[in-house]
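The structure appears right after this line, and notes come after that.
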Ligand code: PRP
């Protein structure tokens with residue numbers, strides 16, 4: 001008997017890209033879930049149940065086993081460092097993690113870096129042998145150097161539009177980011193057939209890097 005897969009799906013802009021990939025793979029899931037305030041979407045016809053989570057929380061649901069699998073950006077996976085299996089690079093929501101600052105930035109004595117990714121940023125600057133104070137923010141990170149909260153930021157760059165609009169420049173790229181399919185370690189064994197079948201279906205439609 002096939003078992004229902006509980007899938008932690010990121011709310012917001014990655015949802016649509018993930019749903020499009022599922023549909024390309026022949027799994028008819030709704031393209032939009034933002035119209036409703038519902039947080040659990042039952043999809044018995046495709047053997048799934050979507051748990052709509054804040055992207056940063058997806059690995060937490062999966063690690064604790066309340067979701068069998070989940071879709072999450074590599075940025076969050078690295079930052080959160082949770083005990084989950086990373087099964088597939090889905091090749092969607094491609095962007096990069098970068099160090100960003102004002103064009104006239106110069107190394108100073110007291111350096112502050114603002115970011116949504118304090119672990120990523122701390123590790124990077126430690127490896128670079130640079131002493132910085134990391135300030136955790138939760139959004140609109142680009143504001144920090146513009147209003148003097150920090151000298152530089154570590155943040156995601158996709159089109160570069162936010163940087164251009166705010167007169168900031170990309171100084172260094174830390175790593176490339178795409179969305180990943182992750183699995184709970186126990187679910188991976190207990191629901192292996194269902195998870196493997198989904199992986200096979202998705203693998204056939206993963207977009208090539210452009
Ligand atoms: C992300 C990121 C950048 C922007 C990059 O912000 O933090 O601000 O997108 O995209 P771009 O290069 O295409 O302009 P998000 O929209 O997630 O908002 P928030 O971080 O301010 O919450």
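In full-length UniProt numbering, the protein residues as written are 1 to 210.
The beta-carbon is built from N, C-alpha and C at its ideal position, and this holds for glycine as well.
Just grab the DSSP bridge partners of residue 179 for me.
-> The sequence position of residue 179 within the chain shown is 179, counting from 1. According to DSSP, residue 179 bridges with 73.
Beta-carbon spacing of residue 98, residue 171 below 9 Å = Residue 98 sits at position 98 when you count from the first residue of the chain shown. Residue 171 sits at position 171 when you count from the first residue of the chain shown. Going by C-beta atoms, residue 98 is nearer than 9 Å to residue 171.
Using 8 Å as the cut-off, classify the Cβ of residue 161 as near or not near the heavy atoms of the ligand PRP, replying yes or no.
-> As a position in the chain shown, residue 161 is number 161, starting the count at 1. Correct: residue 161 has its Cβ closer than 8 Å to the ligand PRP.
Could you tell me the distance, in whole angstroms, from the CA atom of residue 60 to the CA atom of residue 50?
-> If you number the chain shown from 1, residue 60 lands on position 60. If you number the chain shown from 1, residue 50 lands on position 50. Rounded to the nearest angstrom, the two C-alpha atoms are 15 Å apart.
When DSSP builds the beta bridges, which residues end up paired with residue 42?
-> Here residue 42 is taken as the residue at index 42 of the chain shown, counted from 1. According to DSSP, which records beta bridges pairwise, residue 42 is partnered with 49.
Note down, in chain order, each residue of its chain lying with its Cβ closer than 7 Å to the Cβ of residue 228, except the 5 sequence neighbours on either side.
-> The requested residue 228 is not part of the displayed model; the chain covers only 1 to 210.
When the Cα atoms are used, what is the spatial distance from residue 91 to residue 180?
-> Indexing the chain shown from 1 puts residue 91 at position 91. Indexing the chain shown from 1 puts residue 180 at position 180. For residue 91 and residue 180, the distance between alpha carbons rounds to 8 Å.
Applying the criterion that 16 or more other CB atoms from any shown protein chain within 10 Å of the CB defines a buried residue, is residue 184 buried or exposed?
-> What you label residue 184 is simply residue 184 of the chain shown in a count that begins at 1. Buried: at least 16 other Cβ atoms inside 10 Å.
Could you round the C-beta distance between residue 137 and residue 116 to whole angstroms and report it? I think they count as a contact, below 8 Å.
-> As a first step, residue 137 must be located in the chain shown, where it is residue number 137. As a first step, residue 116 must be located in the chain shown, where it is residue number 116. Right, the Cβ-Cβ distance comes to about 6 Å (below 8 Å), so this counts as a contact.
In terms of alpha-carbon separation, which member of 193, 173 and 198 lies closest to residue 121?
-> Along the chain shown, read from residue 1 onward, the residue named residue 121 stands at position 121. The candidate whose alpha carbon is nearest that of residue 121 is 173.
Using 10 angstroms around the beta-carbon of residue 22, count the other beta-carbons present and answer buried if the total reaches 16, otherwise exposed.
-> For the purposes of this step, residue 22 is identified with residue 22 of the chain shown, where counting begins at 1. Counting the other Cβ atoms within 10 Å of the Cβ of residue 22 gives 16 or more, which makes it buried.
Distance between residue 96 and residue 124 (C-alpha atoms, nearest Å) | Position 124 of the chain shown, counted from the start, is the residue given in the question as residue 124. Position 96 of the chain shown, counted from the start, is the residue given in the question as residue 96. Each residue's Cα considered, the two are about 14 Å apart.
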